[in-house]
Each structure stands twice: as C-alpha cells, then as structure tokens.
DNA sequence: GCCCTAATATGACTTCGATCATATTTGGGC
DNA sequence: GCCCAAATATGATCGAAGTCATATTAGGGC
C-alpha cells in the first residue's frame, strides 16, 4: 500500500502512532486532477481537508475587477483547506491544480474529531495555521512596495518551494505578485540583463538567491 | 474581582468550566498602556498571548519603503498574539495601543499547555486563527483594487468593530487601506459630497452600510 | 512535420495615486 | 484664553505601472 506510507510522511501526523494512522488512512479518498482542473470553487461547502500527494495546487481568488490573484502554492505533502475552513462553512478561494495532481481528501467532520483525540495533531494544525498567517501578513508588507520588489519576494519564496529552478511562467508569477504579464516580462528582462536570473519558456533559473535578497533591499 | 468576570467573558474560554478559569486567571497579568505606546516590537520574543480588556490595539508593520501599514485592529475582549506566535519565536509585527488600553497577558508556554488540556479551547483558537486567515486573504483580494474600494472595504470592516460611528482619523484609515492621508482625505470628500458619510475631526459616521457595499461594487 | 495556442517581447499611451507644497481648522494642555 | 501640534483640505506635478496593440517564438498534439 503506497498510500499508507504517504500518510506517515505528512508533517501534521508525524507524532501520531503508526497504528492509528491506518484508521485515519481508511477514510482518505484519493483523487486525481489534470492541470488546470478545479478541486473546489470559491463558495463550495468546505467539507474536506486536502493533502497533496503529487503535483502542485494553487489557491486563487477572483477579484471584482476581474484580475485573478494566486494566494499561495501548495506543494507535495502539504495540507490545505484547514487553513481556511475551521469555522468557515465554505471555501474562501478557488482551488486549482497547477500541474497534474494527485490529492487525498479527508472528511472535515472527522478531522475535527481527530483534533480532540490527538493534541499533537491539534498543535501541528495550529502551528501550520499560524505559519500561514505570518506568511500572509508578510505578503501584505510587500503589497505596497514596487512591482519589482514584489516579484523578487515571490521568487525568493518560490526558491524555498522549488529550489533554484522554478517551473512557472511569467503569467503565473505575475498572478502571484499582483501585477500584469507585460510588467512582469519587462521586469524579468531587467533581471536577465543584470544576470541575476536566466530563463527558458516556463522555467526560471536563479543563479544566487542572495542576489535577489540584496536587490530587494536597495532603493 | 472584576478581572475574574473578565476572563469568563472571553470567547475562547467560554466552554471551559468556571472553576478552572480561576486557575487560568491567576497567571494573567494586567498591564496598562497610554495611547501610542508599544506593547511589543517586531522581533520581540513572543512570550505571551494578549487579551484586550479595554481600548484598542493595532498591529503595525513598517515596510522597507518607510510607510507604516496597520494590519488589524483588535478591540475589547479579543485575543491577539496567538494569531502569529505558535511556531514563531518572535512577534512578526509591532503592537501599538491605539487608545489608552488595558490588557491582560498570559504566558505563551502555559497557554500551549492549556490547549492540550482543553480541546474546546484548542477548537476556539483554531477557529480564531482560521477566521483571521480568511480575513487576511480577504484583504489581499482588495489589495489590487482601487484606493476607493480599499477604503470602502476598511470602513465596512470597521463598522463591524465599532458600529456606525468610527472613532478614527483619516490618517489611521489611510494606514489601514495602504494609501496616503491626502488621497484618503480626497476620497472622503467625495463620500461626503455624495452623502454616504458625515464626519467630524477624528470621527466618521456611516449613514447606511449598504450604501458603502453598493458603491464598492460599481465600475 | 505542421499547426495552433500560449509564452515571450516591446512600443505607445494613459491614468491613478504618490509626492510636495501650502493653507486652514480644531481641540487639548498650560 | 492662547498656543501648538495634529487633522483636514486642496492644488500642482510626476512617475510607476496598467492598458492596448502588435510581433515573434516555441512546444504539444495530431
């Protein structure tokens, strides 16, 4: 059973006895989505927590002005849904498969039961939520900075997620940085001219993260 | 004991037996701050959770470009610190007394212990965190909208906090909306001309919240 | 291999809101 | 009551980035 070992690799469950994981496992349902498919829509009843098994999922909001914004990327072995759903009856954003993706779902009601049963899980969830909240606040710090700084910020975060080669297009970066494709492309041209990144179609390679961090600080 | 009744009025503790609250109470320390004083600085060790007894506290970040931004206002009987501190060793923002304020502090380590002991508390905290996270995401939705819409958004939220008369200056609103005082004043002039608000120095009166919501939707 | 769509690229123009400057008003403290 | 600092107000200017238009390139599917 490949999926059994999957559950035990999840950070939130790491302190729960392996024998109990089998029971938890039993209620999980595996689902597959093709790139671009919706896992759930904004406003759908939030009835599951999700775990990414393979691929990447993004949380998108559609603003009144029509421009989409990517709030966050959830990579392999990460949980989502929990971040927004306790106390909320519906998903506050649109979940989209960023790549071909395999996820596991777990019923929200049962998950709340697990929190009572396992204080360690509760701790891990609270920790995860507050980490995301800190991240979110952190993003707000940059939201009034220049587009260039916001893009640098997004890139620096993505290096943590993907390593030095980021498999995303300029459009995707622009949606994460809250700008337009055109502005994003122009900014990247500048970065390439200055030699701090190189890129191919749908792929960005960072030579040295420190250079990005330094550039973010100046003027 | 006035402070004893205070603890029992806190939302997060509402499901905990009153007899246990006395013990919790014992570790709380009351502190008073004058308007403008700092409760903690960004980067201070996050060693306490806080409860507002009287007044208002704001969470501020200082961006690289020097402009301050108010992330949130915490009103009477609300908890803060928890939102950012689990798993984080330091406060990620600057806590400032928005008015003359009385707060109660509770040691972070003991609070984590309480979470294990009282699943109901754990639930309440998780719920609070995810509510704040949803709010935060919600703010991001507006951050790429026009200044007018952002200001309307801030006002609508503040009505929930203060009722129809908001005791804040245009400077304070501008810091919450991520704009300048001048632009904020100009926008308010427009609102007043159209009769959807009236105002005195440091006080904004909303005639009808629905008018704000409607205006937020157009064009 | 070819086609079509999406990604990358670049120019021209416009606009929103920041910035700077300068008044005027007002309430709290002495 | 007077003074002063902060709040409100308004004009003029500038620049970053959005918008629109148009080209070029490259990869995936048949």
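Protein chains in written order, with this note's numbering: chain A, 9 to 227; chain B, 9 to 227.
Built from N, CA and C at the ideal position, the CB exists for glycine as well.
Source: prediction; values computed, not measured.
Can you tell me whether DSSP reads residue 109 of chain B as helix, strand or coil? For the purposes of this step, residue 109 of chain B is identified with residue 101 of the second chain, where counting begins at 1. DSSP places residue 109 of chain B in strand when its eight states are reduced to three.
Please confirm if residue 101 of chain A has its CB atom under 8 Å from at least one CB of chain B. Residue numbering aside, residue 101 of chain A sits at position 93 when the first chain is read from its first letter. Yes, because at least one Cβ of chain B sits closer than 8 Å to the Cβ of residue 101 of chain A.
For the beta strand (DSSP E) containing residue 192 of chain A, name the first residue and the last one. Within the first chain, residue 192 of chain A is the residue found at index 184, counting from 1. No beta strand (DSSP E) holds residue 192 of chain A; the alpha helix (DSSP H) holding it covers 189 to 201.
Against chain B, with Cβ distances strictly below 8 Å, would residue 222 of chain A count as a contact? For this step, residue 222 of chain A is matched to residue 214 along the first chain. The Cβ of residue 222 of chain A sits no closer than 8 Å to any Cβ of chain B.
With 16 other CB atoms within 10 Å as the buried threshold, where does residue 229 of chain B fall? The structure shown does not extend to residue 229 of chain B, since chain B is modelled only from 9 through 227, so no value can be given for it.
Could you list the residues in the region 60 to 88 of chain B with a C-beta less than 7 Å from some C-beta on chain A, going in chain order? Correct list: 69, 71, 72, 73, 75, 77, 79.
Residues of the region 138 to 156 of chain B with Cβ closer than 9 Å to any Cβ of chain A, in chain order: 138, 139, 140, 141, 142, 144, 145, 146, 147, 148, 149, 150, 151, 152, 153, 154
Between the region 164 to 172 of chain B and the region 161 to 174 of chain A, are three or more C-beta pairs nearer than 8 Å? Pairwise C-beta distances place the region 164 to 172 of chain B out of contact with the region 161 to 174 of chain A, as fewer than three of them are shorter than 8 Å.
Alpha helix (DSSP H) runs contained entirely in the region 24 to 75 of chain B, provided each spans 4 or more residues: 26 to 34
Just verifying my parser: in three-state terms, what is the DSSP assignment at residue 144 of chain A? Within the first chain, numbered from 1, the residue matching residue 144 of chain A stands at position 136. Looking at residue 144 of chain A - three-state DSSP - the assignment turns out to be helix.
Three or more C-beta pairs under 8 Å: does that hold for the region 29 to 39 of chain A against the region 77 to 93 of chain A? no
If we define contact as Cβ-Cβ less than 8 Å, is residue 225 of chain A a contact residue for chain B? By one-based count along the first chain, residue 225 of chain A stands at place 217. Yes, residue 225 of chain A lies at the interface with chain B (some Cβ there is under 8 Å from its Cβ).
Here's the rule I'm using: 16 or more other beta-carbon atoms within 10 Å means buried, otherwise exposed. How should residue 42 of chain B be labelled? Taking the first residue of the second chain as 1, we reach residue 42 of chain B at position 34. With fewer than 16 other Cβ atoms within 10 Å, it is exposed.
For residue 24 of chain B, count neighbouring C-beta atoms within 10 Å of its own C-beta (all shown protein chains included) and say buried if the count is 16 or more, exposed if not. As a first step, residue 24 of chain B is located in the second chain; it is residue number 16 there, counting from the start. The residue in question, residue 24 of chain B, is buried, as its Cβ has 16 or more Cβ neighbours within 10 Å.
Got a sec: which bits of the region 102 to 129 of chain A sit with their beta carbon under 8 Å from any beta carbon on chain B, in order along the chain? 120, 123, 124, 127
If you draw a straight line from the alpha carbon of residue 46 of chain B to that of residue 98 of chain B, how long is it in whole angstroms? Along the second chain, read from residue 1 onward, the residue named residue 46 of chain B stands at position 38. Along the second chain, read from residue 1 onward, the residue named residue 98 of chain B stands at position 90. Rounded to the nearest angstrom, the two C-alpha atoms are 15 Å apart.
Touching by the beta-carbon criterion (3+ pairs, under 8 Å), the region 63 to 71 of chain A and the region 142 to 154 of chain B: yes
Quick one: using the 10 Å Cβ neighbour count with 16 as the cut-off for buried, is residue 86 of chain B buried or exposed? Counting from one through the second chain, the residue named residue 86 of chain B turns up at place 78. When all chains shown are included, residue 86 of chain B counts as buried.
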